[in-house]
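What follows is a set of notes on a single structure, which appears directly below.
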Amino acid sequence: MSRHVLVLGGTAEARELAASLAARPGVRVTTSLAGRVSRPKTPDGDVRVGGFGGAEGLAAWIRTHQVDALADATHPFAARITANAARAAAAAGVPAVVLRRPGWCAGPGDRWHEAASMADAAALLPPLGRRVFLTTGRLGLAAFAHLTDLHFVVRSVEPPEPPLPPDMEVVLARGPFTVEGETALLRAHGIEVLVTKDSGGAATAAKLTAARERGLPVVVVRRPPLPEGVTAVPDVSEALARLGLGPGGNGRPQPKPVDAGAADTCP
Ligand code: NAP
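According to this note's numbering, the sequence shown holds residues 1 to 267 in order.
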């Protein structure tokens, strides 16, 4: 009998997980995408697109489509779907795993300023520099809209939505990015300060190296917390193990390890 795994996606890790699951005999995988980007990279296995209608809608989808396990591999800043996933899995009585790539950690030479939110990041900016490279994505830029004295270079996959800062140019691009490319961008735009979410992962980390090499300050927006009682695994192999679908797995989900969740801590 095949096991049906629903992967909540929109990340490279979700595609990697879907590929591993799809390659496993006796497993059927469906990846769910929010439908935010017009030309998403397609994961292996089945794909569905669009919201479920809250935790209740997701629980109903799980029951209707006879899902045996839920893997939340959404972006670390996609807090609403993660909260919904935890509630829906509990309501539908299916095991769930949260896959979160580890956050970034500051190293020697980094000039990082931590912000608890986008609004906090905006409040930190004015003394740090006038020309800002804003890489927090196309949503939530309203937090910077009142900063009329600063020049923003906004990079996003899709065009950003208003309200936006008045003095702004947009660079449409999708990672992965290289240190050489990021350095050239910082230089070409005369960037004085970088703003980023703590997304983690290699695909968009080059900007941090480029900023360090140029001695630039970086405002890092910290991740929203996981829902109460939820812990995460840091990579695909641990997610597969937790689902009981890793090498030698018996198909039965494994209990949470005691130290789970340590993925988000820096030394
Ligand atoms: P969010 O605020 O946590 O979710 C908002 C709503 O979008 C959810 O309540 C849900 O609608 C729907 N949704 C989100 N992810 C979904 C999925 N994988 N499948 C089906 N519906 C989904 O999420 P977000 O921050 O807007 O991110 C949306 C998607 O983009 C996520 O899948 C995430 O992995 C990806 N992404 C986000 C970021 C980021 O910085 N936030 C960056 C890169 C990629 P219903 O309540 O109607 O079910």
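Just so it is clear, CB atoms sit at the ideal spot from N, CA and C, and this is done for glycine as well.
Could you give the C-beta distance for residue i and residue j, rounded to a whole number, given that I count them as a contact under 8 Å?
| i | j | result |
| --- | --- | --- |
| Lys207 | Thr135 | 6 Å |
| Val97 | Leu243 | 6 Å |
| Val154 | Met168 | 6 Å |
| Gly54 | Leu33 | Not confirmed; about 17 Å, so no contact. |
| Leu216 | Leu186 | 7 Å |
| Gly140 | Met118 | 5 Å |
| Ile62 | Leu70 | 7 Å |
| Ala59 | Ala88 | 4 Å |
| Pro76 | Gly200 | 6 Å |
| Leu285 | Val233 | Lying before the first or after the last residue shown, residue 285 is absent from the chain, which here runs from 1 to 267. |
| Val29 | Val5 | 5 Å |
| Ala230 | Ala92 | A small correction: the amino acid at residue 230 is Val; Ala does not occupy that position in the sequence shown. That pair is no contact at about 16 Å. |
| Leu194 | Ala211 | 5 Å |
| Val219 | Ala121 | 5 Å |
Hey, would you say the C-beta of residue i is under 7 Å away from at least one heavy atom of ligand 1?
| i | result |
| --- | --- |
| Phe133 | no |
| Thr64 | no |
| Lys207 | no |
| Phe152 | no |
| Ala96 | no |
| Lys41 | no |
| Gly201 | no |
| Gly175 | no |
| Ile191 | no |
| Thr74 | yes |
| Arg80 | yes |
| Ala34 | yes |
| Gly249 | no |
| Leu8 | yes |
| Phe279 | With the chain covering 1 to 267 only, the question about residue 279 has no answer from this structure. |
| Leu58 | yes |
| Thr11 | yes |
| Gly51 | yes |
| Gly229 | no |
| Gly54 | yes |
| Gly103 | no |
| Gly26 | no |
| Gly137 | yes |
Can you give me the start and stop residues for the beta strand (DSSP E) that residue i sits inside?
| i | result |
| --- | --- |
| Val171 | 168-172 |
| Val132 | 131-134 |
| Thr196 | 193-197 |
| Arg138 | Note, Arg138: premise wrong, no beta strand (DSSP E); not H, not E. |
| His151 | 151-156 |
Need the endpoints of the alpha helix (DSSP H) that residue i sits in, please.
| i | result |
| --- | --- |
| Arg212 | 206-213 |
| Trp187 | One detail in the question is off: residue 187 reads as Arg in this sequence, not Trp. Arg187 -> alpha helix (DSSP H) spans 179-188. |
message: Report the start-end ranges of each alpha helix (DSSP H) in the region 218-247 that is 4 residues or longer and not cut off at the edges.
response: Unbroken alpha helix (DSSP H) stretches of 4 residues or longer found wholly inside the region 218-247: 236-242, given in chain order.
Contiguous beta strand (DSSP E) assignments of at least 3 residues, all confined to the region 71-123: Fully enclosed beta strand (DSSP E) runs of 3 or longer: 96-99, 111-115.
task: Could I get the ranges of all uninterrupted beta strand (DSSP E) runs contained in the region 2-81, with 3 residues as the minimum, in chain order?
output: Whole beta strand (DSSP E) segments, 3+ residues: 3-8, 27-33, 46-49, 69-72.
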